Amino acid sequence: MNFEAIINAVTYGVGKVNDVMSYILVVVLIIGGVYFTLSTKCVQFRRFKQQLKYIMEKPTDGKGVSSFQALIVSTASRVGTGNIIGVSTAICLGGYGSVFWMWLIAIIGSASAFAESTLAQIYKKKGKDGCYGGPAYYIEAALKSRPLAVVFTIFLMLTYGFGFNMLASYNLQSTFSSYSFYNEQYTPWIIGLILAVLVGYCMMGGGKRIIKVTEFLVPFMGIIYIGVAIVVVIINYKVIPGIMSKIFEDAFDFKAIFGGISGSCMMYGIKRGLFSNEAGVGSAPNASAAAEVSHPAKQGLVQVLSVFIDTLLVCSATAFLCLCSGIEPTAAISGAPYVQQSMGETLGAFGPVFLTVAMILFAFTTLLGNLYYVDKSYNYLLRREPSKKFMNIAHIISAVIVFIGAGLNADLLWGIADITMGGMTLINIPVILVLSKYVSRTLNDYDIQLKSGKNPTFVSKSIGIKNDLDYWKQ
105 MNFEAIINAV
115 TYGVGKVNDV
125 MSYILVVVLI
135 IGGVYFTLST
145 KCVQFRRFKQ
155 QLKYIMEKPT
165 DGKGVSSFQA
175 LIVSTASRVG
185 TGNIIGVSTA
195 ICLGGYGSVF
205 WMWLIAIIGS
215 ASAFAESTLA
225 QIYKKKGKDG
235 CYGGPAYYIE
245 AALKSRPLAV
255 VFTIFLMLTY
265 GFGFNMLASY
275 NLQSTFSSYS
285 FYNEQYTPWI
295 IGLILAVLVG
305 YCMMGGGKRI
315 IKVTEFLVPF
325 MGIIYIGVAI
335 VVVIINYKVI
345 PGIMSKIFED
355 AFDFKAIFGG
365 ISGSCMMYGI
375 KRGLFSNEAG
385 VGSAPNASAA
395 AEVSHPAKQG
405 LVQVLSVFID
415 TLLVCSATAF
425 LCLCSGIEPT
435 AAISGAPYVQ
445 QSMGETLGAF
455 GPVFLTVAMI
465 LFAFTTLLGN
475 LYYVDKSYNY
485 LLRREPSKKF
495 MNIAHIISAV
505 IVFIGAGLNA
515 DLLWGIADIT
525 MGGMTLINIP
535 VILVLSKYVS
545 RTLNDYDIQL
555 KSGKNPTFVS
565 KSIGIKNDLD
575 YWKQ
């Protein structure tokens, strides 16, 4: 059996597993999102003003990671190649209605994002360089189950160190396929090698360098990309009403959806939306826990804003940029080709070049944000800071994975990423549902103080937590 036959067999198997997991994942996501939307009284909407306010709030002691820095790290992971290639794939394979389901999963999922990030703040730990935490820590502390926390951590490392990073590398190199110099046999590996070297070099600088690099690049690339998309929409403004009509018409074509749900607009919209915004997956809480805030709910609100930025702004920008162009989405051009053709149709030769630059920035920040999560996972599994030698070896392995991903099969990489991400979600959502009483009590404590004109502060015993926590004791 040759290498290509092995890859095809693995791709087929991964696809079958992914199809089964998708049904369960959709149900769990919707249950979690709807529950937290109702139990928090639509916190994602009624506290929107505070979401904007807390972005610029400084740490209470003037040191440590700010809310903005934590937001940027989580957004670096969220806002990436999935916002371009993922949206294109969803539209080409699932149809116009996929856009609606991406919006819906972001809106209700943002409440789950509030819950997980609030819990991460409550159960965060003290370290020599500040605070840290995430789902593994609130699973172990609140549910007294280290084995489950370890399983979650392994899924997280597979997702961000393996699945997502290989896919980001592939997505980046695929944008070069429209250029005359592109050779299917050699170019992916050359681009993968260059990217791997750059990522490895940056990772050797540690977590602080990641924060500094992403803090500069994420706002820059996001603003420019959205700006170009707006220009394209303005140029093609006459077709917007028809596009909106088509999005909602396809989204509610239930006969088509339930006739083949695994390939429907609902499934593609939800899966690609989840891949992009990661609400409820359990990734962003790892960044949220690092923020120094006066009340856990504050960082929960900041992470809600990150979901909105990712899906309602960046993903929507890609969707309308493509749909306004007049290029009909088909399976044959799914991924980078559809976006490139769409931009070229409106902006001429500038379009594909701009997309390539945007993809380089998106992919780079995605990789760095992902590996930040992986680095923090080593701390949990080892129960200590790994040695410099250990981390150097780990970073070299991570760089090799980035290199390999550039030359593999798109269907295989999407399938692997969906499965590992699904594993995280199917652990994290039930856990935060079990711990939802603490989320509700924390939000209620925050609301009461805010209404009385105070700057909300927090003490863990006020919500009935009897565990000996590192923070929030007084």
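Residue numbering for the sequence shown is 105 to 578, as defined by this note's numbering. C-beta: ideal position from N, C-alpha, C; glycine also. Every value quoted in this text rests on a predicted model; they were computed, and no experiment measured them.
Looking at the strands, I want to know which residues DSSP matches up with residue i.
{"i": "Cys61", "result": "The question about residue 61 has no answer, for the chain in this structure spans 105 to 578."}
Would you report the Cα separation of residue i and residue j, rounded to the nearest angstrom?
{"i": "Phe573", "j": "Cys235", "result": "Checking the sequence shown, residue 573 turns out to be Leu, not Phe. Their Cα atoms are separated by approximately 12 Å."}
{"i": "Tyr139", "j": "Leu133", "result": "10 Å"}
{"i": "Gly364", "j": "Met125", "result": "Any reading at Gly364 must be qualified, since the residue scores a pLDDT of 47, below 50, and its modelled position is unreliable; no value is offered."}
{"i": "Gln148", "j": "Leu405", "result": "7 Å"}
{"i": "Val543", "j": "Val385", "result": "17 Å"}
{"i": "Ile351", "j": "Lys577", "result": "50 Å"}
{"i": "Arg545", "j": "Glu396", "result": "20 Å"}
{"i": "Gly415", "j": "Gly186", "result": "Inspection of the sequence shows that residue 415 is occupied by Thr rather than by Gly. The straight-line gap from Cα to Cα measures roughly 10 Å."}
{"i": "Met308", "j": "Ser278", "result": "27 Å"}
{"i": "Val203", "j": "Gly373", "result": "6 Å"}
{"i": "Tyr227", "j": "Asn483", "result": "16 Å"}
{"i": "Val303", "j": "Lys493", "result": "17 Å"}
{"i": "Asn122", "j": "Val504", "result": "25 Å"}
{"i": "Gln595", "j": "Leu409", "result": "With the chain covering 105 to 578 only, the question about residue 595 has no answer from this structure."}
{"i": "Lys555", "j": "Ser566", "result": "17 Å"}
{"i": "Ser564", "j": "Gln225", "result": "11 Å"}
{"i": "Ile569", "j": "Glu220", "result": "17 Å"}
{"i": "Gln553", "j": "Leu223", "result": "19 Å"}
{"i": "Cys426", "j": "Ile344", "result": "12 Å"}
{"i": "Ser366", "j": "Lys342", "result": "With a pLDDT of 48 at Ser366, under the threshold of 50, the modelled position of this residue cannot be trusted, and the question is left open."}
{"i": "Thr291", "j": "Leu156", "result": "43 Å"}
{"i": "Gly265", "j": "Leu471", "result": "8 Å"}
{"i": "Phe458", "j": "Pro433", "result": "20 Å"}
{"i": "Ala240", "j": "Ala388", "result": "12 Å"}
{"i": "Leu539", "j": "Lys120", "result": "32 Å"}
{"i": "Phe507", "j": "Thr144", "result": "43 Å"}
{"i": "Cys428", "j": "Asn340", "result": "6 Å"}
{"i": "His399", "j": "Phe172", "result": "15 Å"}
{"i": "Gln444", "j": "Ile500", "result": "32 Å"}
{"i": "Leu262", "j": "Val255", "result": "11 Å"}
{"i": "Gly137", "j": "Leu208", "result": "10 Å"}
{"i": "Ser52", "j": "Tyr242", "result": "The first residue shown for the chain is 105 and the last is 578, placing residue 52 beyond what the model contains."}
Which word fits residue i, buried or exposed, when buried means at least 16 other C-beta atoms lie within 10 angstroms of its C-beta?
{"i": "Arg488", "result": "exposed"}
{"i": "Pro251", "result": "exposed"}
{"i": "Lys402", "result": "buried"}
{"i": "Asn571", "result": "exposed"}
{"i": "Ile334", "result": "exposed"}
{"i": "Ser392", "result": "buried"}
{"i": "Phe324", "result": "exposed"}
{"i": "Arg150", "result": "exposed"}
{"i": "Lys375", "result": "buried"}
{"i": "Met160", "result": "exposed"}
{"i": "Lys230", "result": "exposed"}
{"i": "Ala210", "result": "buried"}
{"i": "Glu382", "result": "buried"}
{"i": "Val118", "result": "buried"}
{"i": "Ala113", "result": "exposed"}
{"i": "Glu353", "result": "exposed"}
{"i": "Leu547", "result": "buried"}
{"i": "Val337", "result": "buried"}
{"i": "Ala453", "result": "exposed"}
{"i": "Tyr550", "result": "buried"}
{"i": "Tyr283", "result": "exposed"}
{"i": "Phe320", "result": "exposed"}
{"i": "Ile110", "result": "exposed"}
{"i": "Val411", "result": "buried"}
Hey, would you say the C-beta of residue i is under 7 Å away from at least one heavy atom of the ligand NAD?
{"i": "Lys232", "result": "Summarising the ligand content, the structure contains no ligands, and the ligand NAD is consequently not present."}
Measuring only between beta-carbons, confirm whether residue i sits less than 8 Å from chain D.
{"i": "Ala224", "result": "Protein chain content of the structure displayed is limited to a single chain, and chain D is not contained in it."}
- Message: Taking 8 Å as the cut-off, does the region 427–440 touch the region 185–205 (at least 3 CB pairs, one atom from each stretch)?
- Response: The region 185–205, when compared against the region 427–440, does touch it at the 8 Å Cβ threshold.
- Task: Would you check if there are 3 or more beta carbon pairs closer than 8 Å linking the region 286–306 to the region 550–564?
- Result: Three or more beta-carbon pairs separated by less than 8 Å are not found between the region 286–306 and the region 550–564, which leaves the two stretches without contact.
- Three or more C-beta pairs below 8 Å linking the region 195–202 and the region 126–143: By the Cβ test, the region 195–202 is not in contact with the region 126–143, since fewer than three Cβ pairs between them sit closer than 8 Å.
- Counting Cβ pairs closer than 8 Å, one from the region 405–423 and one from the region 327–335, do we hit at least three? The region 405–423 vs the region 327–335: in contact.
- Stretch-stretch touch, CB-based, cutoff 8 Å, three pairs: the region 263–276 with the region 532–546: In this structure the region 263–276 does not touch the region 532–546; the number of beta carbon pairs closer than 8 Å is below three.
- Which runs of the alpha helix (DSSP H) spanning at least 4 residues fall entirely within the region 393–434, listed in chain order? As far as the region 393–434 is concerned, its whole alpha helix (DSSP H) runs of at least 4 residues are 400–411, 420–427.
- Query: Are the region 514–521 and the region 287–306 touching, with three or more C-beta to C-beta distances below 8 Å?
  - Reply: These segments do not touch.
- Segment contact, 8 Å Cβ cut-off, at least three pairs: the region 457–467 with the region 478–485: As far as the Cβ criterion goes, the region 457–467 does not touch the region 478–485, which means the pair count is below three.
- Three or more C-beta pairs closer than 8 Å, one from the region 488–502 and one from the region 211–221: is that the case here? They do not touch, by the three-pair rule.
- Query: Which ranges does the alpha helix (DSSP H) cover as unbroken runs of at least 4 residues, wholly within the region 232–309, from first to last along the chain?
  - Reply: Taking only runs of at least 4 residues, the alpha helix (DSSP H) segments lying wholly in the region 232–309 are 239–247, 250–261, 268–278, 291–307.
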